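Q:
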Amino acid sequence: MLLRLSAIALLAGASFIVGAMLPISWRVFPEPSSDKKLEHILASATQWTLANVLFGVGAAAVAGGIVLFALGVDGLAARVMALVSGVLALAGLVPWIVHLSARVTDPAAFARGDLPSWWLWTYFILTPLAIALFGAALLASGLLAAWVGWTMIGTMAATIVATLIAGDMVPAVYYLVTLLPGTMLLIAAARA
């Protein structure tokens with residue numbers, strides 16, 4: 008039961024991707040001008056709020072899915088890795104939620120780039136570490152094909168390196184990757 012709930016929560020992470028696909032996201036995030044960025048946000052304030060809520064819900068759902076997996080998986084190694092992964096995901100989630108809240112309550116500071124950068128950097132580092140460790144927990148559990156775990160580990164390692172090199176990240180990548188174990192766990196649970 009917990010593994011099925013974990014799969015559903017991991018799939019609910021797709022709400023992050025929905026937020027990223029809203030037109031406001033496509034107008035705001037690539038915009039280099041802080042004035043135009045703020046203009047777009049103020050012109051579509053409801054959609055901006057919705058996008059940021061979806062970003063938070065998606066991140067929280069994945070963190071919850073990892074914790075549910077930890078509570079439901081057999082095997083000490085898999086459980087410990089998944090619990091540590093869940094703690095890392097939750098630790099990254101807190102500054103992310105603070106950042107998202109500030110985006111909505113002070114869009115001018117966001118548009119100017121005045122929000123504390125450590126909020127994002129904590130999220131940008133802890134979240135892919137958590138997802139990579141979750142991939143290792145999946146490997147240790149033996150519940151899914153090894154390629155699922157290795158795909159998560161490799162993708163997140165590349166993501167961390169790319170983030171450090173570029174100085175920025177498109178976090179939707181995290182939630183695209185978690186669709187894989189979410190789908191595979193749901194299929195495995197249905198077969199059991």
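Heads up: the sequence shown at position 76 corresponds to 83 in the working numbering, and the numbers run straight through without jumps.
In this text, a Cβ means the ideal position worked out from N, Cα and C, and glycines have one as well.
Keep in mind it's a predicted model, so treat the numbers as computed, not measured.
Between the alpha carbons of A19 and G65, how many angstroms are there, rounded?
A: What you label residue 19 is simply residue 12 of the sequence shown in a count that begins at 1. What you label residue 65 is simply residue 58 of the sequence shown in a count that begins at 1. Cα-Cα distance, rounded: 6 Å.
Q: Assess contact between the region 88-100 and the region 36-49, defined as three or more Cβ pairs (one per stretch) separated by less than 8 Å. Is contact present?
A: Short answer: they don't touch.
Q: Whole angstroms are fine: how far does the CA of S148 sit from the CA of I160?
A: Counted from its first residue, the sequence shown places residue 160 at position 153. Counted from its first residue, the sequence shown places residue 148 at position 141. About 15 Å.
Q: Could you check whether L151 and M88 sit closer than 8 Å to each other, using their CB atoms as the reference points?
A: Against the sequence shown, residue 88 aligns to sequence position 81. Against the sequence shown, residue 151 aligns to sequence position 144. For M88 and L151, no; Cβs fall outside 8 Å.
Q: Hey, out of L75, A16, V25, whose CA is closest to P178's CA?
A: Taking the first residue of the sequence shown as 1, we reach residue 178 at position 171. When only C-alpha atoms are compared, the closest one is V25.
Q: Need the endpoints of the alpha helix (DSSP H) that A21 sits in, please.
A: As a first step, residue 21 is located in the sequence shown; it is residue number 14 there, counting from the start. That run of the alpha helix (DSSP H) goes 21-28.
Q: Counting Cβ pairs, one atom from each stretch, are 3 or more of them under 8 Å apart for the region 167-182 and the region 119-135?
A: yes
Q: Rounding to the nearest angstrom, what Cα-Cα distance links L75 and A98 in this structure?
A: Here residue 75 refers to the residue found at position 68 when the sequence shown is read from its first residue. Here residue 98 refers to the residue found at position 91 when the sequence shown is read from its first residue. The alpha-carbon atoms of L75 and A98 are separated by roughly 16 Å.
Q: Could you give the first and the last residue of the continuous alpha helix (DSSP H) run that contains S41?
A: For the purposes of this step, residue 41 is identified with residue 34 of the sequence shown, where counting begins at 1. Its alpha helix (DSSP H) spans residues 41-50.
Q: State yes or no: is the C-beta of A96 within less than 8 Å of the C-beta of R86?
A: Position 89 of the sequence shown, counted from the start, is the residue given in the question as residue 96. Position 79 of the sequence shown, counted from the start, is the residue given in the question as residue 86. Their beta carbons are not under 8 Å apart, which means A96 does not touch R86 by this criterion.
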